[in-house]
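Notes to accompany the following structure.
Number of protein chains: 2
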Amino acid sequence: NIIEVIIQNQQDENKLKGKKVLITAGPTRETVDPVRFFSNRSSGKMGFALAEVAHRWGAEVTLIAGPVVIDPPSGINYVSVTTAQEMYEAVMNHKNDQDIIIKAAAVADYRPKQTHEHKMKKHEGNLVVEMERTNDILKELGEQKQQEYLVGFAAETKDIEYYGNKKLEKKNLDAIVMNDVSSTSTGFQSDENEVIVLTKRGLKEAIPQSSKAKISERLFEIFIEEKQGEKS
Amino acid sequence: NIIEVIIQNQQDENKLKGKKVLITAGPTRETVDPVRFFSNRSSGKMGFALAEVAHRWGAEVTLIAGPVVIDPPSGINYVSVTTAQEMYEAVMNHKNDQDIIIKAAAVADYRPKQTHEHKMKKHEGNLVVEMERTNDILKELGEQKQQEYLVGFAAETKDIEYYGNKKLEKKNLDAIVMNDVSSTSTGFQSDENEVIVLTKRGLKEAIPQSSKAKISERLFEIFIEEKQGEKS
Numbered sequence: 322n323i324i325e326v327i328i329q330n331q332q333d334e335n336k337l338k339g340k341k342v343l344i345t346a347g348p349t350r351e352t353v354d355p356v357r358f359f360s361n362r363s364s365g366k367m368g369f370a371l372a373e374v375a376h377r378w379g380a381e382v383t384l385i386a387g388p389v390v391i392d393p394p395s396g397i398n399y400v401s402v403t404t405a406q407e408m409y410e411a412v413m414n415h416k417n418d419q420d421i422i423i424k425a426a427a428v429a430d431y432r433p434k435q436t437h438e439h440k441m442k443k444h445e446g447n448l449v450v451e452m453e454r455t456n457d458i459l460k461e462l463g464e465q466k467q468q469e470y471l472v473g474f475a476a477e478t479k480d481i482e483y484y485g486n487k488k489l490e491k492k493n494l495d496a497i498v499m500n501d502v503s504s505t506s507t508g509f510q511s512d513e514n515e516v517i518v519l520t521k522r523g524l525k526e527a528i529p530q531s532s533k534a535k536i537s538e539r540l541f542e543i544f545i546e547e548k549q550g551e552k553s
Numbered sequence: 322n323i324i325e326v327i328i329q330n331q332q333d334e335n336k337l338k339g340k341k342v343l344i345t346a347g348p349t350r351e352t353v354d355p356v357r358f359f360s361n362r363s364s365g366k367m368g369f370a371l372a373e374v375a376h377r378w379g380a381e382v383t384l385i386a387g388p389v390v391i392d393p394p395s396g397i398n399y400v401s402v403t404t405a406q407e408m409y410e411a412v413m414n415h416k417n418d419q420d421i422i423i424k425a426a427a428v429a430d431y432r433p434k435q436t437h438e439h440k441m442k443k444h445e446g447n448l449v450v451e452m453e454r455t456n457d458i459l460k461e462l463g464e465q466k467q468q469e470y471l472v473g474f475a476a477e478t479k480d481i482e483y484y485g486n487k488k489l490e491k492k493n494l495d496a497i498v499m500n501d502v503s504s505t506s507t508g509f510q511s512d513e514n515e516v517i518v519l520t521k522r523g524l525k526e527a528i529p530q531s532s533k534a535k536i537s538e539r540l541f542e543i544f545i546e547e548k549q550g551e552k553s
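In structure tokens form, the structure reads like this:
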């Protein structure tokens, strides 16, 4: 009944009260010249949904996002970036004293070694673009981890559980959320998603296809429960 | 007064009556793997504004657009594509019997030589991406030109008039619309633009900063006048 709904909402509103949550979202864009760029497919919708739920549940939310076309949720600290380097710097500036850090952004692993100030003229034949590695933000967060609960995302098209487990361990994460981006009804651009969560404490849960908001709620329930378990 | 506005609108509605107009818009996206891609900065807004004006003025409009986040105008023939190759094929399928063809899309000049079916794993050190040329759609349209009025766009950051004139001649265009994409208040993502038009018949007109809809109206006035002049 309605009383139960109101009570449930009030309880939800306090689930992350007094907590600080940092979320990254969207792609990054690596410039070749003023017109051309390299990027990753990512609408930012999953990260934005996570930020909305964290805010609704009472957290102090910082959302660092690459170039996306969706409007930032109100009531949060929104930091807009373009490149992987800018994303790295923003995360390093905000990472301290966070209770939960979720890296949902699809940060470019490589950027062109050379950026041209003016538009490159095309010419006959092939073009070779030399790319260099960007900073591995998640790896660095894992290495410097203190009390915060650290969550990574993995977008894979095959062997997703194998790669998920590997990343969980290698990057010193508390949890990894894996989505199969080869599905068309979920993932990129979609308002829905379907994920598998693996945690360091040994949880494995498949969250069936649902709105990114519903998925976010279930994810935070898991993270909060595991974080509380840690202390006791 | 209101009567004059109504008469003007009725006159506008007939300016392209019975004409066929083909417009390309937006970027193309060239796949590296299921997550990574290479693209151009282009919101598609200029091409969409042109399509809306042509439709409002009575034309039968075909709009071929790469991946954009704006909604297609209603009442037109909308063809959605992703890659330069798909854009090329769609244009070639629709180019016959057009009265005006406007190539406002920012088609990638290069695409990765190799496309990976599954997400590439990153590794230590640099990555070399070999790129090959895509088909030059505008050049081919110029070579096969018949009765249609052919318009290209040029996005430059320097020497824009020099490059515009060169492209006008080399691609056998009737007109070229040049914007300086180094400006932040106009161009990419913006709802406003500021352009210079050069035509084969020798017109040079700077259209001052205005909405992309207003710019589109002035452009069609020029194209219609020149096309009518051709016949007489």
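Protein chains in written order, with this note's numbering: chain A, 322 to 553; chain B, 322 to 553.
Note that CB positions come from ideal geometry on N, CA and C, so glycine has one too.
Separation of residue 347 (chain A) from residue 562 (chain B), as counted between CA atoms: Residue 562 (chain B) lies beyond the stretch modelled for chain B, which goes from 322 to 553, so this question has no answer here.
Is the separation between the beta-carbon of residue 421 (chain B) and that of residue 470 (chain B) shorter than 8 Å? yes
Between the region 450 to 483 of chain B and chain A, which residues of the former have CB atoms less than 8 Å from a CB of the latter, in chain order? 450, 451, 452, 453, 454, 476, 477, 478 and 479
Sequence-distant residues of the same chain with beta carbon closer than 7 Å to residue 533 (chain A), five excluded per side: 366, 367, 370, 512, 513 and 514
Cα-Cα, which of B:434, B:458 and B:387 is closest to residue 409 (chain B)? B:458
Could you check what DSSP says for residue 322 (chain A) in three-state terms: helix, strand or coil? coil
Taking only the alpha-carbon atoms, compute the straight-line gap between residue 473 (chain A) and residue 345 (chain A) and give it to the nearest angstrom. 10 Å
Taking any Cβ of chain B, which residues in the region 359 to 373 of chain A have a Cβ under 7 Å from it, in chain order? 359, 360, 361 and 362
Would you mind telling me which residues of chain B sit closer than 7 Å to residue 514 (chain A), beta carbon to beta carbon, in chain order? The contacting residues do not exist; residue 514 (chain A) stays about 15 Å from chain B at best.
Three-state secondary structure assigned by DSSP to residue 335 (chain B): helix
Contiguous alpha helix (DSSP H) assignments of at least 4 residues, all confined to the region 474 to 524 of chain B: 481 to 491
Which runs of the beta strand (DSSP E) fall wholly inside the region 403 to 463 of chain A and span at least 3 residues, in chain order? 421 to 424, 431 to 433 and 448 to 454
Are any of the Cβ atoms in chain A nearer than 8 Å to that of residue 428 (chain B)? no
8 Å Cβ cutoff, residue 343 (chain B) in contact with chain A: no
Could you pull out every residue in the same chain whose Cβ sits closer than 6 Å to the Cβ of residue 411 (chain B), ignoring the five residues on either side in sequence? 385, 400 and 402
Cβ distance (whole Å) where residue 416 (chain B) is taken to contact residue 494 (chain B) below 8 Å: Residue 416 (chain B) to residue 494 (chain B), Cβ: 14 Å. No contact.
List the residues that DSSP assigns as beta-bridge partners of residue 359 (chain A). A:351 and B:359
State yes or no: is the beta carbon of residue 448 (chain A) nearer than 8 Å to at least one beta carbon in chain B? yes
Helix, strand or coil for residue 395 (chain A)? Go by DSSP, reduced to three states. coil
For residue 381 (chain A), the residue or residues it bridges with in DSSP: A:341
Let me know the secondary structure DSSP gives residue 467 (chain A) once reduced to three states. coil
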